[in-house]
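2 protein chains.
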Amino acid sequence: MARRKEHSHEQIKQMAIAAVLLHLQQDSLHGLSLRKIAAQIGYVPSTLINIFGSYQYLLLAVSEHTLMNLSAILQEFTTQTPLANINNMAIAYSTFALEHKSCFRLVFELSMPDDQPLPVNHLTLIKSLFALVECQLRLCAPSMSDQDIEVMSRVLWGGIHGLTCLALDGKLFVTHSDLHAMLTSHVKGYITGMGIHRDLL
Amino acid sequence: MARRKEHSHEQIKQMAIAAVLLHLQQDSLHGLSLRKIAAQIGYVPSTLINIFGSYQYLLLAVSEHTLMNLSAILQEFTTQTPLANINNMAIAYSTFALEHKSCFRLVFELSMPDDQPLPVNHLTLIKSLFALVECQLRLCAPSMSDQDIEVMSRVLWGGIHGLTCLALDGKLFVTHSDLHAMLTSHVKGYITGMGIHRDLL
DNA sequence: ACATTATTATGAACGTTGTTTTTTATTTTT
DNA sequence: AAAAATAAAAAACAACGTTCATAATAATGT
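Read top to bottom, the protein sequences are chains Z and F. Under the working numbering, residues 1 to 201 are what the first sequence spells out, in order. Under the working numbering, residues 1 to 201 are what the second sequence spells out, in order.
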C-alpha cells in the first residue's frame, strides 16, 4: 500500500522526534518503543526505520535535538561576571536535567552498539558545551595557557555533570536546594583553588 | 519438570551473577539477555525469574556485587595523607570504571521501573563510597562542621564521578593520562579552594 | 513400603520488541 | 495507456521478558 507524499521525510522526522520528546516528558525511555512512536504519528515501524536507519538512530536524533536545546539555554548566561555566569550555567544545567529527566538521560546514556563512536555531529555539540565554560574562563584568566584552560573547563564541567547525574538518580541524598549549594561550592571552590584572582571574577 | 536440586538457590544466584560479570567484561549490557544467562549456566529463563524475581532484579544483584567490589578496592587507599588518599581513590575509581566499563555503566545507569526508588541496600552501598571521602576529610579538617564535610565530600565525589562518566563515553576528548591529571586538578584545586591548610594534607 | 501431597524446575505459550522481506498501491517514465 | 520505478504498508521473523500449566522429584502420612 502506499499513502505517498502526505509528508516529506523531513516532516516525518520532525513528527517522530516531537512524539518522542512528548512521551519522555511523562515516561521513561523504557516505556517507549519504535512501534508506539510510529502509531502515535500515524505511520508504521518500517517507515521510521527506512527514514532514520534504525530505532537507535531515531533516539540519537532526539538526543541531538535535546543537546541543542540545552546548549541554547546555557548560552543565555553570559551577561554577568565570568564566575557568576559559570555558576548560573551550572544551575541551569542541573535544572534542565531535573526538568527533563528522561531526555537528559537519553543524551548521556545512549551509546552506540559495538562500541562504535558517536557521530561527529553529536560530539561537536558536546564540545560546544565545554566551549561555553572555556570562553568564560578565558575572560577571567587571560594569562593562562590554552591547555590549562582546557583542563579547567573540563574539570568544572565534569563536576557539574557528575553532581547533576547523581542527584538525578537520587544518589546524592540531598534536596534540590542542597544541590545548588553544592554546585556553587564546586564552581567557586575550584576556581578559587586554581588561584584565579578574586577581583577578576 | 523438576527439582533437580543439583544446586541451591544461593548457588544458582552466584552462578548467574558470575555469568553476567563474565559477559560484561567483553560485551555491553545490550548484548545480554535473561535467556542467554540462563543458557550459560544450564538453566532456563523462568528458573531465574523464580529466584531473582525479574531480570531487573538479577541485574540489580550484579550491580550490588560490583558496588561492593569497587568499595573494597577504594578502602585500600587509607595509608597516606588524606589528600593523597582521596586522589588515589579518584584514580582507582576511574581505573575501575574504564576496566569494567559495562559493569560500571550497569551500576549507575540501571534505574527501577515506574520511578521506584532503589532498594535501601543499594543506596547504603553508595553512601559507603561517600563515607570513604568523608572520613579522609575529617582527618584533615577536624574543625569543620558535619554539614560542611558532607557538602565537600559530595562535591569531591560528584566531580570524580562526572569526569569518569564523561571519559567513559569518550565525551571528554582526552587521553587516559589526561583524565588522571584532571582528577588530580579537581581534588587538589577544590580542597585548596575550600581553605584547608596545606600542611594538614 | 506404598500412596498421597507439596514442591519446584521446566517447557510451552503470550504479548511485545526491532528489524527484514515481501507485497501492493501510487508515481513517474516511456 | 502501458511499463517501470518507487515507496509505504503488511506480513514474517527472531528474540525478548514474563506467565502459566505441567511433569517430575521430594516430603509426608499411612
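Glycine included, each C-beta is placed from N, C-alpha and C at the ideal position.
Status (buried if at least 16 other CB within 10 Å, exposed otherwise) for residue i
i        : result
F/Gln75  : exposed
Z/Met182 : buried
F/Asn121 : exposed
Z/His176 : exposed
F/His161 : buried
Z/Pro113 : exposed
Z/Ala19  : buried
Z/Ser185 : buried
F/Ser63  : buried
Selection from the options that minimises the alpha carbon distance to residue i
i        : options                                : result
Z/Leu67  : Z/Ile86, Z/Ile91, Z/Ile41, Z/His100    : Z/His100
Z/Gly170 : F/Thr79, F/His65, F/Glu10, F/Ser111    : F/Ser111
Z/Thr47  : Z/Val62, Z/Glu134, Z/Pro113, Z/Gln11   : Z/Gln11
Z/Leu168 : F/Met194, F/Asp115, F/His197, F/Asp178 : F/Asp115
Z/Cys103 : Z/Asn121, Z/Leu137, Z/Gln25            : Z/Gln25
F/Gln203 : Z/Leu60, Z/Asp178, Z/Ser71, Z/Ile41    : Past the edges of chain F, shown from 1 to 201, lies residue 203 of chain F, and the structure says nothing about it.
Z/Leu123 : F/His7, F/Ile51, F/Phe52, F/Leu172     : F/Leu172
F/Tyr43  : F/Pro119, F/Met89, F/His9, F/Leu29     : F/His9
Z/Gly53  : Z/Glu150, Z/Asp27, Z/Ala72, Z/Lys13    : Z/Lys13
Z/Ile126 : Z/Ala72, Z/Met144, Z/Ser143            : Z/Ala72
Z/Ile51  : Z/His7, Z/Pro117, Z/Leu166, Z/His65    : Z/His7
Z/Ser128 : Z/Met144, Z/Ser145, Z/Val174, Z/Glu150 : Z/Glu150
Own chain, CB closer than 7 Å to residue i, minus 5 neighbours either side, in chain order
i        : result
F/Ile91  : His180, Leu183
Z/Thr212 : As displayed, chain Z neither begins before 1 nor continues past 201, which places residue 212 of chain Z out of reach and without an answer.
F/Ile196 : Cys140, Ala141
Z/Ile130 : The amino acid at residue 130 of chain Z is misidentified as Ile; the sequence shows Phe. Once the five neighbours on either side are set aside, the close Cβ partners of Z/Phe130 are Ser153, Arg154, Trp157.
Z/Glu109 : none
Z/Met194 : Met152
Rounded distance between the beta-carbons of residue j and residue i, thought under 8 Å
i       : j        : result
F/Thr78 : F/Asn85  : 6 Å
F/Ile41 : F/Ala61  : F/Ile41 to F/Ala61, Cβ: 14 Å. No contact.
F/Leu58 : F/Leu106 : 11 Å between Cβ atoms; not a contact.
Own chain residues within Cβ distance below 8 Å of residue i, not counting five before or after
i        : result
Z/Pro45  : Leu34, Arg35, Ala38
Z/Ile49  : Leu34, Tyr55
F/Leu32  : Val20, His23, Leu24
Z/Asn87  : Leu183, Thr184, Val187, Lys188
F/Pro119 : Leu60
Z/Asp27  : Ser102
Z/His65  : Ile17, Leu21
F/Ser143 : none
F/Gln80  : Asn88
Z/Arg174 : For the record, residue 174 of chain Z in the displayed sequence is Val; it is not Arg. Result list for Z/Val174: Ala167, Met182, in chain order.
F/Ser145 : none
Contacting residues, own chain, Cβ-Cβ under 6 Å from residue i (five flanking each side not counted)
i        : result
F/Leu132 : Leu74
F/Met89  : Leu74, Phe77
Z/Gly159 : His186
F/Leu166 : Leu172
F/Lys5   : none
Contact test: residue i Cβ vs the ligand GDP heavy atom, cutoff 7 Å
i        : result
Z/Met152 : Inclusion of the ligand GDP in the displayed structure is not the case, the ligand content being empty and no account of it being possible.
Taking three-plus beta-carbon pairs below 8 Å as touching, is the segment 175–194 of chain F in contact with the segment 143–160 of chain F? yes
Three or more C-beta pairs closer than 8 Å, one from the segment 131–142 of chain Z and one from the segment 131–148 of chain F: is that the case here? no
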